[in-house]
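Undergrad:
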Amino acid sequence: MKKDIHPKYYQAKVTCACGNTFTVGSTLPEIKVEVCAKCHSFFTGQEKLVDTAGRVERFKKMMEKRAQLNQKKSK
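Residue numbers (our numbering): 284 to 358.
See the structure below:
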């Protein structure tokens, strides 16, 4: 085996944008992340309902139109 070909392994300090810090093994000594398990909405249970430009309403309208067309066809 060749000597000194492997990268140096660190106990890296991970810092989240929310201020949470924890340690993992990595080839980098320090890692900065935007989201972690303490602040991500999936893990906190505070999921946000995002309704961009009334997509739910548009979907409901489309389904109503489709139901009306099906009723007209069956007559």
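All residues carry an ideal CB built from backbone N, CA and C; glycine is no exception.
Every value quoted in this text rests on a predicted model; they were computed, and no experiment measured them.
Of the residues 349, 340, 315, 284, which one's Cα is nearest the Cα of residue 298?
TA: Ranking the options by Cα distance to residue 298, first place goes to 315.
Undergrad: Give the straight-line distance between the Cα atoms of residue 290 and residue 327, rounded to the nearest whole angstrom.
TA: Residue 290 and residue 327: Cα-Cα distance of roughly 35 Å.
Undergrad: Please report the residue range of the beta strand (DSSP E) in which residue 313 lies.
TA: Where residue 313 is concerned, the enclosing beta strand (DSSP E) stretches over 313-316.
Undergrad: Considering residue 286, what are the terminal residues of the beta strand (DSSP E) in which it resides?
TA: First-last for residue 286: undefined, no H or E at that position.
Undergrad: Got a sec? Which residues, its chain only, sit under 7 Å from residue 296 by beta carbon, not counting five neighbours each side?
TA: So the qualifying residues of the chain are 304, 306, 313.
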